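K.L.:
Mapping of the sequence shown onto UniProt numbering: position 48 corresponds to residue 48, and the numbering continues sequentially without gaps. Ideal Cβ positions, reconstructed from N, Cα and C, are used throughout, including at glycine. Since we're looking at a predicted model, the values are computed, not measured.
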Amino acid sequence: MEVTELFWQASFDEWKRGYVQEGDFHICLLCGKQTEIGVIYPVEDVLYDAERYLKWHIAQAHGSVFQYLVGLDKKLTGLTDHQNSLLQLFYEGKSDSEIQQELNIGSASTIRNHRFGLKEKERQAKVFLVMMELLKEKDQHAPVFVDIHKTAKMVDERYNITQDEYEKMIKKYFPNGTSGELTSFSQQEKHKIVVLREIAKRFEQDHFYSEKEVNEILKPAFHDYVKLRRYLIEYGFLDREPDGSQYWRKG
Numbered sequence: 001m002e003v004t005e006l007f008w009q010a011s012f013d014e015w016k017r018g019y020v021q022e023g024d025f026h027i028c029l030l031c032g033k034q035t036e037i038g039v040i041y042p043v044e045d046v047l048y049d050a051e052r053y054l055k056w057h058i059a060q061a062h063g064s065v066f067q068y069l070v071g072l073d074k075k076l077t078g079l080t081d082h083q084n085s086l087l088q089l090f091y092e093g094k095s096d097s098e099i100q101q102e103l104n105i106g107s108a109s110t111i112r113n114h115r116f117g118l119k120e121k122e123r124q125a126k127v128f129l130v131m132m133e134l135l136k137e138k139d140q141h142a143p144v145f146v147d148i149h150k151t152a153k154m155v156d157e158r159y160n161i162t163q164d165e166y167e168k169m170i171k172k173y174f175p176n177g178t179s180g181e182l183t184s185f186s187q188q189e190k191h192k193i194v195v196l197r198e199i200a201k202r203f204e205q206d207h208f209y210s211e212k213e214v215n216e217i218l219k220p221a222f223h224d225y226v227k228l229r230r231y232l233i234e235y236g237f238l239d240r241e242p243d244g245s246q247y248w249r250k251g
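(1) Taking the straight line between their C-alpha atoms, what separation do you get for residue 231 and residue 87?
(2) Determine which residues share a DSSP beta bridge with residue 202 and list them.
(3) Does the structure place the region 130-143 close enough to the region 207-221 that three or more beta carbon pairs sit under 8 Å?
(4) Classify residue 233 as helix, strand or coil using the three-state DSSP reduction.
(5) Tell me the DSSP secondary structure of residue 4 in three-state form.
(6) Whole angstroms are fine: how far does the CA of residue 30 sit from the CA of residue 69?
(7) Suppose you measure from the CA of residue 120 to the CA of residue 245; what does that come to, to the nearest Å?
(8) In the DSSP assignment, find the beta strand (DSSP E) that holds residue 151 and state where it starts and stops.
(9) How big is the Cα-Cα spacing for residue 160 and residue 40?
(10) Ignore the nearest five residues each way along the sequence and tell me which others in residue 147's own chain have a CB closer than 7 Å to its CB.
(11) Measure the beta-carbon distance from residue 50 to residue 36 and round it to whole angstroms, keeping in mind my assumption that it falls under 8 Å.
(12) Should residue 93 go down as buried or exposed, given a rule of 16 or more other Cβ atoms within 10 Å for buried?
(13) What are the start and end residues of each continuous alpha helix (DSSP H) run of 4 or more residues lying completely inside the region 129-186, in chain order?
(14) With burial defined as no fewer than 16 other Cβ atoms inside 10 Å of the residue's Cβ, what is the status of residue 61: buried or exposed?
(15) What does DSSP give as the partner residues of residue 239 in its beta bridges?
(16) Quick check on the burial criterion: 16 or more other C-beta atoms within 10 angstroms. Buried or exposed for residue 198?
(17) Give the C-beta separation of residue 173 and residue 183 to the nearest angstrom, bearing in mind that I take them to be a contact with Cβ-Cβ under 8 Å.
(18) Take the Cβ of residue 47 as the centre, count every other Cβ of all protein chains shown within 10 Å, and call the residue buried at 16 or more, exposed below.
(19) Are residue 158 and residue 189 closer than 7 Å when you measure CB to CB?
(20) Exposed or buried, which one is residue 91 when buried takes at least 16 other CB atoms within 10 Å?
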């Protein structure tokens with residue numbers, strides 16, 4: 001299962017800890033790194049079991065689950081830039097007066113009002129989630145939507161893709177299977193996202209590639225592999241160092 005699917009299907013408790021268990025493996029929900037149960041992982045002079053090592057990985061690679069989540073696109077978190085800044089400072093353990101001085105806004109009582117507003121947002125979110133869970137039991141006509149990859153940029157209606165649409169597009173653009181060659185590269189946003197999502201699966205998680213290696217992977221897919229490479233980065237499927245020395249698949 002893809003990391004994006006694992007991420008959106010995880011429970012709240014799994015989100016909080018940042019990983020899930022699938023069979024004999026613990027899998028990081030943030031990047032897809034896996035550790036195998038029963039294997040010992042050495043870090044300098046310390047030996048970790050699979051679960052403790054993955055916790056160490058999350059702290060080293062992502063800072064914390066909170067830091068990762070708060071860094072997601074605002075369309076995914078539902079937070080304004082101001083709310084995002086406040087949450088980060090609250091998480092750092094800053095007092096209301098310290099936050100007021102750091103942000104140079106209002107007074108300490110203003111910060112308390114923002115805390116109240118965030119609690120109200122939390123209550124609304126809980127009510128909405130319960131309503132959606134109850135709706136699932138009754139709404140027999142709701143289409144199945146394709147999960148948005150969590151590193152998406154500019155999340156908007158272009159990601160409004162049902163599973164049926166996705167499968168039809170796959171057959172259209174990859175008549176010989178998703179590991180084969182593209183028939184064309186459409187500029188229609190939905191079609192572009194579906195194609196890029198499938199192409200991104202040709203890259204391994206937690207692996208670094210040179211630009212030459214990226215090109216060699218993309219060449220069999222489409223003659224204009226430079227265009228593919230550019231869009232994979234633009235749409236948040238791949239990332240790279242500023243100098244282009246390394247590329248990697250985003251979670």
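P.N.:
Based on what the coordinates show:
(1) Rounded to whole angstroms, residue 231 to residue 87 spans 32 Å at the Cα level.
(2) Paired residue(s): none; residue 202 is not in a bridge.
(3) Fewer than three pairs of CB atoms, one per stretch, sit closer than 8 Å, so the region 207-221 makes no contact with the region 130-143.
(4) helix
(5) helix
(6) About 9 Å.
(7) A straight-line Cα-Cα distance of about 46 Å links residue 120 and residue 245.
(8) From DSSP, residue 151 is part of no beta strand (DSSP E); its letter is neither H nor E.
(9) 43 Å
(10) 4, 5, 8
(11) Sure, about 6 Å apart at Cβ, within 8 Å.
(12) Looking at its Cβ environment, which holds fewer than 16 other Cβ atoms inside 10 Å, residue 93 is exposed.
(13) Within the region 129-186, the complete alpha helix (DSSP H) runs of at least 4 residues are 163-173.
(14) exposed
(15) Looking at the DSSP assignment, residue 239 forms a beta bridge with 248.
(16) By the 10 Å Cβ count, residue 198 comes out buried.
(17) 6 Å
(18) exposed
(19) Going by C-beta atoms, residue 158 is nearer than 7 Å to residue 189.
(20) Its Cβ having fewer than 16 others within 10 Å, residue 91 is exposed.
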